[in-house]
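Residue numbers (the UniProt record's numbering): 222 to 666. Following: one structure in structure tokens, then a few remarks.
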Ligand code: C2O
Ligand code: CU
């Protein structure tokens, strides 16, 4: 489909060349043996949608709903999505957040494709080889589009229906719960908008939490001990049971929580708001409002000390490439003019030099935050392994993430293998920050 992936100008010449060079990196045409083709049509359009609270908002949507249609698949299926834009004048794309798609499917406008304008189409096609919890969103003017509703969930179930943890049998209750803020109101609900769900006592439950906002959220699960079995779609090694802890979910990040449904209610509390969030009620049990305790004093679970260490596939001490990114705020050149910007090494996008890698390299990033704001750092197309935070090495399960929250003053070390050729956005997932300069490209030579 070369015609679909060639940029027709509009960006700096450097970007146009890039788009042409990834034209050959389009997705595979067939499912794995035993897999099927999952076809969807996503139509971007403006619509009025009703929030679970009953309030109506003017949204930008995929198929008239927020979140957009839930895309689910089993490992090995081929996902084929035709994106059609009706009336989003700025244009739209689909970016598969956290999913290591071939570069040509990545939905980065001006890099892997042209933004899809009103009346236009683009077909994405990739094989769902990784199980886990992911999401999709527009990557064009995403600081506006995602906030207005252009996002949805992507869940890929393991092919053999099993997981490494003890809740490996297919969960009887499996809820995907994006967290999103509309006009100051936090909404956590899947496509059906329900914030209360019945669950049979004793049933294995999996909650898939997805932060589709630009700020972190604090999440507390009360009424049962639980395990965090996956972070950003990737399983943790032997995660232990926890309770009475807060979980900090970075912008763009995902946590999968599992537990057995008790015979009393379970509450998922967001940002210590005891009235909001999600309730699970024991099916067949007596109704009655479960009292939610004050959660604000609970400590935060440190994921760098959670789970059990295990071997990782490379030695990050011998990296082939090492890039340092100092995140700050200040005056930088933006669109040829000096402007107040979020900067990387003193510059704002598109003036930040590309990071060049060779396929097979072990790449190390040092990310230093010298600003007063949190920067959820996000690399496309590759999971990164957390090595250390502020000099304290990761001591728990290997932690593979696509977004990590670098708080003011912090310094993080991460590493990954350059195993997915192309040109990849590398940016802050606070989307207004990315828009104001905090974005660059990692490029294979
Ligand atoms: Cu979820 Cu570059 O984005
Ligand atoms: Cu930021």
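We put the beta carbon where it would ideally sit given N, CA and C, even for glycine. Nothing here was measured: the structure is a model prediction, and the numbers come from that model.
Simplified DSSP assignment, three categories, for residue 506
Along the chain shown, one-based indexing puts residue 506 at 285. In the structure shown, residue 506 sits in coil (DSSP, three-state: anything other than H, G, I, E or B).
query = Applying the criterion that 16 or more other CB atoms from any shown protein chain within 10 Å of the CB defines a buried residue, is residue 277 buried or exposed?
reply = Residue 277 sits at position 56 when you count from the first residue of the chain shown. Label assigned to residue 277: exposed.
- Which residue or residues does DSSP assign as beta-bridge partners of residue 558? As a position in the chain shown, residue 558 is number 337, starting the count at 1. Per DSSP, 555.
Would the beta-carbon of residue 540 fall within 7 angstroms of that of residue 583?
Working through the chain shown from its first residue, we reach residue 540 at position 319. Working through the chain shown from its first residue, we reach residue 583 at position 362. Closer than 7 angstroms, so yes.
Out of 305, 329 and 360, which one is the CA nearest neighbour of residue 340?
Here the question's residue 340 lines up with position 119 in the chain shown. Closest by alpha carbon: 305.
Exercise. What did DSSP end up calling residue 272 once you bin it into helix, strand or coil?
Worked result: The sequence position of residue 272 within the chain shown is 51, counting from 1. Coil, per DSSP.
Going by CA-CA distance only, name the one from 380, 378, 377 and 361 that's closest to residue 371. Translated into positions along the chain shown, residue 371 becomes position 150. The shortest C-alpha separation from residue 371 is found at 361.
Item checked: Through-space distance from residue 447 to residue 477, alpha-carbon basis -> Along the chain shown, one-based indexing puts residue 477 at 256. Along the chain shown, one-based indexing puts residue 447 at 226. About 10 angstroms.
With 16 other Cβ atoms within 10 Å as the buried cut-off, status of residue 561: In the chain shown, counting from the first residue as 1, residue 561 sits at position 340. So residue 561 ends up on the exposed side.
Original post:
For residue 311, which option in 485, 573, 265 and 286 has the closest C-alpha, if you only look at C-alpha atoms?
Top reply: As a working note, residue 311 is residue 90 in the chain shown. Of the listed residues, the one whose Cα sits closest to residue 311 is 265.
Within the structure, which residues are defined as neighbours of the ligand C2O by a Cβ-heavy atom distance below 6 angstroms, reported in chain order? 316, 318, 358, 360, 473, 599, 601, 646, 648 and 650
| said: Give me the DSSP bridge partner(s) of residue 316. | reply: By one-based count along the chain shown, residue 316 stands at place 95. Partner(s): 358.
Hey, could you find the ends of the alpha helix (DSSP H) residue 337 is sitting in? By 1-based counting over the chain shown, the position of residue 337 is 116. Note, residue 337: premise wrong, no alpha helix (DSSP H); not H, not E.
* To do: Verify whether the separation of the beta carbon atoms of residue 587 and residue 634 is less than 7 angstroms.
  => Position 366 of the chain shown, counted from the start, is the residue given in the question as residue 587. Position 413 of the chain shown, counted from the start, is the residue given in the question as residue 634. In this structure, residue 634 lies closer than 7 angstroms to residue 587 by Cβ.
Checklist entry - What residue does the alpha helix (DSSP H) around residue 655 start on, and which one ends it? => result The residue you call residue 655 lines up with position 434 of the chain shown. 652-656 is the extent of the alpha helix (DSSP H) around residue 655.
Could you tell me whether the Cβ atoms of residue 563 and residue 473 are closer together than 7 angstroms? Reading the chain shown from its first residue, position 342 is the one you call residue 563. Reading the chain shown from its first residue, position 252 is the one you call residue 473. Contact: no.
Beta strand (DSSP E) segment containing residue 373, residue limits:
By 1-based counting over the chain shown, the position of residue 373 is 152. Taken as a continuous stretch (DSSP letters only), the beta strand (DSSP E) holding residue 373 covers 372-378.
Please determine whether the Cβ atom of residue 659 lies at a distance below 6 angstroms from any heavy atom of the ligand CU.
Counted from its first residue, the chain shown places residue 659 at position 438. Residue 659 Cβ: within cutoff of the ligand CU.
- Buried or exposed (CB count within 10 angstroms, at least 16 for buried), residue 246: Locating residue 246 in the chain shown gives position 25, where the first residue counts as 1. Buried, since its Cβ has 16 or more Cβ neighbours within 10 Å.
> Who are the Cβ neighbours of residue 516 in its own chain at under 6 angstroms, not counting the five residues just before and after it?
Replying inline: Counting from one through the chain shown, the residue named residue 516 turns up at place 295. Excluding residues within five positions, the ones whose Cβ falls inside 6 angstroms are 441, 490 and 493.
- Message: Within the continuous alpha helix (DSSP H) that includes residue 368, where are the two ends?
- Response: To locate residue 368, count along the chain shown from 1; it is residue 147. Taken as a continuous stretch (DSSP letters only), the alpha helix (DSSP H) holding residue 368 covers 363-369.
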